[in-house]
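Chains as they are written, first to last, in the UniProt record's numbering: chain A, 1 to 547; chain B, 1 to 547. Written below as structure tokens is the structure these notes are about.
Protein chains: 2
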Amino acid sequence: MTHINPYALGLDKNAANFVALSPLSFIERAAHVYPERTALVYGPLRRNWAQTYARCRRLAGALAARGIGPGDTVAVMLPNTPAMFEAHFGVPMSGAVLNTLNTRLDASAIAFMLEHGEAKVVLTDREFSGVMAQALSALGSRRPLVIEVEDDLAPPGQRLGEIGYEDFLAEGDPDYAWQLPADEWDAIALNYTSGTTGNPKGVVTHHRGAYLNAASNAIAWNLPDGSVYLWTLPMFHCNGWCFPWVMALSAGTSVCLRRIDPVQIYALVREHHVTHMCGAPIVYSMMLNTPAELREGIGRTIRGLVAGAAPPAAVIEGCEAAGIELTHVYGLTEVYGPSAICAKQPGWDSLPIVERARLNSRQGVPYPLQQAVTVLDPQTLQPVPADGETIGEIMFRGNAVMKGYLKNPGATAEAFAGGWFHTGDLGVLHPDGYVKITDRSKDVIISGGENISSIEVEDALHHHPAVLSAAVVALPDAKWGEVPCAFVELKAGSAATEAELIDFCRPLLARFKLPKRIVFGELPKTSTGKIQKFVLRERVRSASAIE
Amino acid sequence: MTHINPYALGLDKNAANFVALSPLSFIERAAHVYPERTALVYGPLRRNWAQTYARCRRLAGALAARGIGPGDTVAVMLPNTPAMFEAHFGVPMSGAVLNTLNTRLDASAIAFMLEHGEAKVVLTDREFSGVMAQALSALGSRRPLVIEVEDDLAPPGQRLGEIGYEDFLAEGDPDYAWQLPADEWDAIALNYTSGTTGNPKGVVTHHRGAYLNAASNAIAWNLPDGSVYLWTLPMFHCNGWCFPWVMALSAGTSVCLRRIDPVQIYALVREHHVTHMCGAPIVYSMMLNTPAELREGIGRTIRGLVAGAAPPAAVIEGCEAAGIELTHVYGLTEVYGPSAICAKQPGWDSLPIVERARLNSRQGVPYPLQQAVTVLDPQTLQPVPADGETIGEIMFRGNAVMKGYLKNPGATAEAFAGGWFHTGDLGVLHPDGYVKITDRSKDVIISGGENISSIEVEDALHHHPAVLSAAVVALPDAKWGEVPCAFVELKAGSAATEAELIDFCRPLLARFKLPKRIVFGELPKTSTGKIQKFVLRERVRSASAIE
């Protein structure tokens, strides 16, 4: 007797019960439900959700009228201004893919991205006109349409655009009938990762993942409807960890700012009653190191997501004292920004700060709507034992994982080998199931056949009261192969010597893990506050060659 | 020159970046991240998420071992007990579809559902053994495997099952390697709607919708991680509005109870620090009408979702005074329970109670992850003007909309005509975009050619201090065709006459809308507190026939 599945027939998808998942739906709802709530604050500018939605529709309509649509790339070279926020909706509403350029890059990198991404249109801000003019001239006849985003708050600079942003918007219809993507798997954004070697790779993300990771951010953070979010994290970095879309979902207010300036940050927090922000530990360090008188009048708690590096104990403790409640998250551009969270367990709050810092420094567990983050043996893809010691590679699986790298099937296949996304970060799995980075893959120091985690050495140095930041890389060594070399930035007004810091580490580290050399000075950082270890490695290499 | 879409090639789905959306992922994560947090409380029983997950895997494994899998139906006739909660995970983990039976139904309805749904297995509780024995005997040789869920807290009753639930679980492996559905569109649940005429229709929902509406509940309610949820809403009603899955997503605690008893409710609230609950207005009314001494010691605010009927002003006001913060939501079984929300706007809180009640009584706007709820002309499917007056049919569109009705292509096609789900509820669209029910389709009273909204008449009666509940139906009338007839239940210890209530309504209603007859007595209600108007209509018909 054949078994007939009663659920297999006549229960198909149709327009009533199946809609492509896209974060563009969030702004439509925000404008519908909370049309008059403030969406954007920037200098003296205030715009509500109805106005913001109308401007995004104008942008989409104007792009479409110029023939831009699915499969086309629109690049933007913009700081955290309202135009940058609008691009996150207006560009994909036209069907095109948004490519946010890292504004700290040089002309050759920008030219590479514009060429490789085949940008048809570029929105640019005069602060970056020097670099952008060079990049555009390198493109020659393949120059895209350049739209100049005028901004009274920008520093002086050359005007590059064929048309101004406001004039361009005026070409579009505020009621433009944009469409959801034909398929939720369609590309929404292209973000180039700043690899340490070779050309940048173009991470292509999709509407489904952006929708889900935006919702996941809201759930992970228990983000209340109508929050006030301060844009300390660059939107060019993994689309601001999906937060333009999160703010539309929660119909909150985005407070925009062009640069990280603690004085301005505190003024904005006071004026707009900021409730939420994101950033690397360095952002919070800067806020904590602001003179007390500038921090006065911040009555309420600010909630902060921190990623890019584990928050040091001093930052956790300082934030607690300053009324900033930190949550440590972890991710990469390939997983839409934060995609793992160091979920706080009952009881952690009452532990001593050192223990709290140790627990909160871990990369944690999957985001609520991410499927898995774990540590696997990169060869066998078998899970490592959850012993906190066995090192493997951190891998993700789930719907908030990129489509792949643009026009780079080799890198894509490598990243997805065995059905997991390989982060390249090495880590361990703790007995409670939390993932902990032991080292970015390239950061392992192999000394006398023993692996040394540079992070472990950095952690030890961070315990010294004079140390603001520390980065440890491998120094070639005739006897041991490699030894740890530490680059240390001291706190303003603090002092320490090489011998003092090495002595300080003795009780904290096995002998072979002690830094053999300490170099003092400011550390090179990316725009998002990540220390650029490849620069330090380069310095070490040059120095070794001379010696 | 052909335009080549650079995003069209080499960026396909694979095991790393595409996973079927299913709420089953939530319990895996809850058990992984919060294994020791309490998942279930029931009488003296406490079970954490690790234990609960292991039991659900046992259930799935035991079902699979008996040959149950995709396309099979597993029915349950259970109150809000831990087994009922576990069935929401264990059954779909086996690939089967969960059919929760309404425990208030009679044997012929149950027999119809078991037969129509082709249930292969039934889990049952001895409280319902009378009805279930009759239903099973009607099935004859098509009797499914009956599993007896033993419960010390159940009233006495006959044992029906071939095997006990605990023995059945013992057949399964606590580490059973369950699989996500092959397709997120696969069925997860079958819920029969209690139609007023004809056979019940079997609403088939899918994993994708259950996942999204669970997340939508969490976002709409800004539900904190680790909430304590009291099960005042039957889980057999649209899968408890998706809340078994929501509680897994937020790794919260479910406090189970067999029946709505205000004394027990307050005891549970006190003991377990309940933070959240759901129910029809009647549930909150009952809680408010509990003597003050039983309500003592409830220090914190409880947040309640209310649906099934708009919360009357007295309930909103009473809840405020009692520390229960209500949010009005709206939905149907076909849209996974709540799928629209009367989102509160800034400023509402400071309005007078009558105005606040008027605003909050509306069905509102789409849930955060639902695409649309609106009012359309049922013929043309064009939106009605947002004037608060033009009546149309309330319709939904989005991913939290059923697959269709089981083995009922005609009803499915009708429900989805024109690419919208037709609720059958009539309503208007207010200028602020909020949907407001004016009448369930069958409740319109047509008097002298004028439509009368029975809800409007009921609202007027609810303003009278002696009225607990009022329901208005059409009374056949020789002159006018139909006139409103009101059935009124008075508050305990209150009194009112027919003439008094009609006089009371005069300033509130147009003359032709005044109730022409008022019948006093207890109102017939469904298990979820909805007034059964079809019973009242039947009474009116019988009475008219005699007169």
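Backbone N, C-alpha and C define an ideal beta-carbon position, used for all residues, glycine too.
Proximity test, Cβ basis, 8 Å: residue i and chain B
| i | result |
| --- | --- |
| A/A411 | no |
| A/E317 | no |
| A/Q371 | yes |
| A/K530 | no |
| A/S22 | no |
| A/D225 | yes |
| A/L249 | yes |
| residue 550 of chain A | This structure gives no information on residue 550 of chain A, because the portion of chain A shown stretches from 1 to 547. |
| A/W348 | no |
| A/I68 | no |
Below-8 Å beta-carbon distance, residue i vs any chain A residue
| i | result |
| --- | --- |
| B/N222 | yes |
| B/E118 | yes |
| B/T196 | Confidence at B/T196 is low in this model, with a pLDDT of 41, below 50, so the placement of that residue is unreliable and no value is reported for it. |
| B/A135 | no |
| B/P234 | no |
| B/V375 | no |
| B/P144 | no |
| B/S129 | no |
| B/F416 | yes |
Residue i in three-state terms, based on DSSP
| i | result |
| --- | --- |
| B/T412 | helix |
| A/N48 | strand |
| B/L501 | helix |
| B/C56 | helix |
| A/E489 | strand |
| B/F85 | helix |
| B/A292 | helix |
| B/N80 | strand |
| A/D459 | helix |
| B/I265 | helix |
| A/A8 | coil |
| B/N99 | strand |
| A/S339 | strand |
| A/W124 | One point to set straight first is that residue 124 of chain A is Thr, not Trp, in the sequence displayed. Here A/T124 sits in strand by DSSP. |
| B/K201 | strand |
| A/E325 | strand |
| residue 550 of chain B | The first residue shown for chain B is 1 and the last is 547, placing residue 550 of chain B beyond what the model contains. |
Short Cβ contact (8 Å threshold) for residue i with residue j
| i | j | result |
| --- | --- | --- |
| A/A75 | A/L114 | yes |
| A/A60 | A/S22 | no |
| B/A340 | B/S216 | no |
| B/G202 | A/N14 | no |
| A/V122 | A/I68 | no |
| B/G304 | B/M277 | yes |
| B/N222 | A/P224 | yes |
| A/C256 | A/N213 | no |
| A/I437 | A/P484 | no |
| B/A119 | B/A138 | no |
| B/T73 | B/A96 | yes |
| A/G164 | A/R58 | no |
| B/A16 | A/F89 | no |
Own chain, CB closer than 6 Å to residue i, minus 5 neighbours either side, in chain order
| i | result |
| --- | --- |
| B/L508 | A460 |
| B/Q370 | S339, G398, A400 |
| B/S494 | A466 |
| B/M286 | P262 |
| B/P144 | A119, K120, V121, V122 |
Spatial neighbours of residue i in its chain, beta-carbon cut-off 8 Å, leaving aside the 5 residues before and after
| i | result |
| --- | --- |
| B/L160 | T124, R126, S129, M132, A133, L136, V146, E148 |
Cβ-based neighbour list, residue i, same chain, cut-off 7 Å, excluding 5 preceding and 5 following
| i | result |
| --- | --- |
| B/Q382 | L376 |
| A/G252 | G226, S227, V228, Y229 |
Could you run through the segment 379-408 of chain B and flag, in chain order, every residue whose CB is less than 9 Å away from some CB of chain A?
-> M395, F396, R397, G398, N399, A400, V401, M402, K403, G404, Y405, L406, K407, N408
Any residues in the segment 4-18 of chain B with a beta carbon nearer than 9 Å to a beta carbon of chain A? Which ones, in chain order?
-> Residues I4, N5, P6, Y7, A8, L9, G10, L11, D12, K13, N14, A15, A16, N17, F18.
Between the segment 49-64 of chain B and chain A, which residues of the former have CB atoms less than 8 Å from a CB of the latter, in chain order?
-> none
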